[in-house]
Amino acid sequence: MSNSIRVSCIFAVLLAGSITYAQTDFSADIVDSQKAGTPTLAKIYFVKDKRRMEMQSGSGEDTIILKLVQPTAAKRGTHIQAGGAGDAVIMDFAAHTSTILWPKQTGYAQDSLGKLMPAELYGLYPSIQPKDVDNACIEWMRKPSAEGETCRNIGRETVNGRSTVKYELSCYGGICRLWIDRNLRVLVKRETDWNSTELRNVKEGPQPASLFDIPAGYSSRNIAGTIRPTYPQ
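Numbering follows the numbering used here, with no gaps: position 44 of the sequence shown is 44.
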């Protein structure tokens, strides 16, 4: 396999991690730090082995996807547009399932965690939680699918008042940067050649259990959306 294919896989490696348990329950906003006014793209809620992400108006209409083909440096991927602004997705890392909620239709659908997920721009936030924040490269790079990738610990930095460790990784033929919170052990900022997002308004504390349940009155539906090309994010 050529290096141009391998370098596209590092985010896929991180998204396909083992069961991820939150160090501390908390909620936060995912904001676009490149756009004027840093609009909120999504709200995210963390508890032990579950995550909930609520897409906001700034997120657009193609932000929860049913993955068909993973993109690489050599070719586009494909996915079904499952949801967008106003919709939510619940990720259960213990059961390896994802549930999309469509409030306007009072409907929901479930699929495997590896297929139904937030788009890549958002998907790393609920998924990345290294066991050792200061030595995450060792954990990430020992996975067989990471062969040929690069990962480098740049050092500690403060992001929005929080102590983090900054990493540089190969992605889509270029370099991507990730900042991991040293206390929460989660991703709090990411930068690529295309965008920059980060967590703000982090509020530590218990989260309502109802956030991670299918609301009463919702009915099961099939995912039937437009098939779209998947580009690097």
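For each residue, glycine too, the CB sits at the ideal point set by N, CA and C.
### Query
Which residue from GLY148, CYS137, GLY123, ILE180 puts its Cα closest to that of ARG156?
Nearest option by C-alpha distance: ILE180.
### Task
On the DSSP bridge assignment, give the partners of ILE90 in chain order.
Under DSSP, ILE90 takes part in a beta bridge, and its partners are ARG52, THR99.
### Query
Looking at C-beta atoms only, is the number of pairs between the region 158–166 and the region 91–101 that lie closer than 8 Å three or more?
no
#### Entry: Given 8 Å, three or more beta-carbon pairs between the region 26–36 and the region 193–201
Segments in contact, yes.
### Query
Considering only residues of the same chain and omitting the five flanking positions on each side of HIS79, which have a CB-CB separation below 7 Å?
ILE65, LEU66, LYS67, LEU68, ARG228, THR230
#### Entry: SER8 in three-state terms, based on DSSP
Confidence at SER8 is low in this model, with a pLDDT of 41, below 50, so its placement is unreliable and the value that follows should be read with caution. SER8 falls in the coil class under three-state DSSP.
### Query
Can at least three beta-carbon pairs, one atom from the region 32–49 and one from the region 97–114, be found at a separation below 8 Å?
no
#### Entry: Extent of the continuous alpha helix (DSSP H) run through TYR125
Its alpha helix (DSSP H) spans residues 120–127.
### Query
Per DSSP, what kind of secondary structure is LYS67 in: helix, strand or coil?
strand
### Message
Taking the alpha-carbon of ARG182 as reference, which of LYS43, ASN160, ASN195, THR106 has the nearest alpha-carbon?
### Response
ASN160
### Query
In the DSSP assignment, what are the bridge partners of ARG228?
According to the DSSP secondary-structure assignment, ARG228 is paired through a beta bridge with HIS79.
#### Entry: Contact under 9 Å by Cβ, ALA36 with SER59
no
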